[in-house]
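Undergrad: Residue numbering for the sequence shown is 2 to 419, as defined by my numbering.
Have a look at this one.
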Amino acid sequence: MKNIHISVCFSLLIALSACLENTVSTDFNNPGMIHDTLSVSSVTAFHYQAPPEIGNSTLLYLGADSNGFDNPFAIFKVQENSINTIGTFASLSDSTVKIDSAKFILTFNSDTVDIGMIFDLYYFPNSLDSIFSESKSNYLNINESDLASEYVSSARLFQKPPDSSEIIYPTLSFNVLHIIESFIDSSSLSFNRTLMVKPKFDLSNTLSFKSSESGFAFAPQLHLFSHDTVYIDSTSDSVAVDTISHEFICTQDLSIIVPPVVDNNPGLLTLGRGLSYKGLIEIPDLDSLLSPLPEQLIITKAELSFYYPFDTTQSNFYLQVQPVSDSLHYEQLNGVLLDDPIDVIPNILPVVNISNNGKVVLNIREYLQLIHFGYVSNYGLKLEVVNTSNPFNLYSIFSHSSLIDSLNPELFIHYVSP
């Protein structure tokens, strides 16, 4: 039922937007129309913390970040089918097929790196094939000590010399030939194709590798070379023919990110992807301000403004703003939550690119118009940082408790009514 409600709201929004724009442009010069404004300063903001959600990121991270984030390991699930041949893991179990080599390969995200660092590969021969979920696993529900992993091999970052201006990314290439049967033998009760990579020694900085979302060319993959054996006659003489390269990419991969403890600064709302701090905005006086106004009013402008500390680390990020779909229960938002309990109505408000001018202006006209017409309720707005190049950056917005009143959030509304 909730999905139907969202679809109806979105359809109404499209129709309303078209009608409102035409109506306002036609009646601006009508002397019978009343133009008025409202300024609302009773805007409150606070944040809550859920586990990091970066399973769809194009990068995987290992090592420690300067902001205090730790990325102890990354975990991978290899798919059944080869992307460059018709082969599957099951087809490799044929007695005529011999596997000559098997490597698990990760591609570094930069063409410049200290290539001496060593990493270890592990697998899970005594676990079922459901060790992690790319969308739901995080540092609160998956722990390395509980995974029963076994060491496979080690590898150093290696970079082939480039030709002229060619870009060659360093790679990690782990030898997995001695465990490849565990990927092929699906009859085993503990059969799984999950792998884990971690640094052999602590890293003083964060290294990033390309994930499965980066595309086939650079996705983490199991690369096999095999050949078929053909028996010539009953004497069992044989010859090897058809050397074949198979590429099995990972369909799921995930960095486990352990965020630091962040001190709450009075007057600041903190946001961040890796920290998974999200914001909630409430405008408690909004209903009492809108309800006495004429039912036919058209809101021509509704700008919700925030200010943030003006420095280079706060520039060029994206802020997603979505209406909350149900009443808030603040007692559920204490501490680090196992799941995000705040449901939203999607697709009403756009994602906003934040530049470096120190001010965020959100256009929430459609949202307020829907509230006034009774299609949605004023449960508040949810704020999230999205599409950032670095998930470990933290962003701050001045909230209602700021020491300087001029930096507090504010809502400005302009409307037209008969």
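Each residue gets a CB set at the ideal place from its N, CA and C atoms; glycine is no exception.
Would you call the segment 65-83 and the segment 282-301 in contact, with 3 or more CB pairs under 8 angstroms?
TA: Because the criterion of three Cβ pairs below 8 angstroms is not met, the segment 65-83 and the segment 282-301 do not touch.
Undergrad: What are the boundary residues of the beta strand (DSSP E) that Y124 is part of?
TA: Counting along the chain, the beta strand (DSSP E) containing Y124 begins and ends at 119-124.
Undergrad: Along the chain, which unbroken stretches of the alpha helix (DSSP H) at least 4 residues long are found entirely within the segment 351-417?
TA: Within the segment 351-417, the complete alpha helix (DSSP H) runs of at least 4 residues are 366-374.
Undergrad: Please report how far the alpha carbon of S92 lies from the alpha carbon of N139, in whole angstroms.
TA: Going by the C-alpha atoms only, they are around 34 angstroms apart.
Undergrad: Taking DSSP as the reference, what is the three-state secondary structure of S154?
TA: Strand at S154.
Undergrad: For a test of the three-state rule: what should DSSP assign to S328, helix, strand or coil?
TA: In the structure shown, S328 sits in coil (DSSP, three-state: anything other than H, G, I, E or B).
Undergrad: Could you tell me how far apart the beta carbons of S102 and L223 are, in whole angstroms, since I believe they sit closer than 8 angstroms?
TA: Incorrect: roughly 11 angstroms between the Cβ atoms, too far for contact.
Undergrad: When DSSP labels each residue in this structure, what does L60 get in the three-state scheme?
TA: It is a strand residue.
Undergrad: Give me the Cβ distance between I257 and F74, rounded to the nearest whole Å; I'm assuming they're in contact under 8 angstroms.
TA: That belief holds up - the Cβ atoms of I257 and F74 are roughly 6 angstroms apart, short of 8 angstroms.
Undergrad: Given a cut-off of 7 angstroms, decide if E385 and K279 are closer than it, judged by their beta-carbon atoms.
TA: In this structure, E385 lies closer than 7 angstroms to K279 by Cβ.
Undergrad: Tell me the DSSP secondary structure of Q80 in three-state form.
TA: Q80: coil per DSSP, three-state reduction.
Undergrad: S26 to V417, Cα distance in whole Å?
TA: Since pLDDT at S26 reaches only 46, below the 50 mark, its modelled position is unreliable, and the value read off the structure follows with that caveat. Roughly 11 angstroms separates the two Cα atoms.
Undergrad: Based on DSSP bridge pairs, tell me the residues matched to V345.
TA: V345 is bridged to V325.
Undergrad: In the structure shown, what three-state DSSP assignment does F90 receive?
TA: Here F90 sits in coil by DSSP.
Undergrad: Leaving aside the five residues before and after L272 along the sequence, list all residues of the same chain whose C-beta is less than 6 angstroms from its C-beta, in chain order.
TA: These residues qualify, in order along the chain: Y278, G280, V386, Y396.
Undergrad: Return the first residue and the last residue of the alpha helix (DSSP H) that S289 is part of.
TA: That run of the alpha helix (DSSP H) goes 287-291.
Undergrad: Which stretch, first to last residue, makes up the beta strand (DSSP E) that contains E304?
TA: It spans 299-308 - the beta strand (DSSP E) in which E304 sits, taken as one unbroken run.
Undergrad: DSSP on Q160, reduced to helix/strand/coil?
TA: Three-state result, Q160: coil.
Undergrad: Cα separation between G381 and V325?
TA: Roughly 5 angstroms between the two C-alpha positions.
Undergrad: Taking all protein chains shown into account, decide if H36 is buried (16 or more other Cβ within 10 angstroms of its Cβ) or exposed.
TA: Result: exposed.
Undergrad: Hey, would you say S83 sits closer than 7 angstroms to H228, going by beta carbons?
TA: Against a cut-off of 7 angstroms, the Cβ pair of H228 and S83 comes out as no contact.
Undergrad: Beta carbon of L287: closer than 6 angstroms to some heavy atom of the ligand SAM?
TA: Here there are no bound small molecules, and the ligand SAM is not part of this structure.
Undergrad: Note down the Cα distance separating N23 from I300, rounded to an integer number of angstroms.
TA: Only weak support exists for where N23 lies, its pLDDT of 43 falling under 50; the coordinates are left without a value.
Undergrad: So, is Y152 buried or exposed, given that buried needs 16 or more other C-beta atoms within 10 angstroms?
TA: Burial call: exposed.
Undergrad: For the segment 181-230, list the alpha helix (DSSP H) runs that are entirely contained and at least 4 residues long, ordered along the chain.
TA: Within the segment 181-230, the complete alpha helix (DSSP H) runs of at least 4 residues are 182-185.
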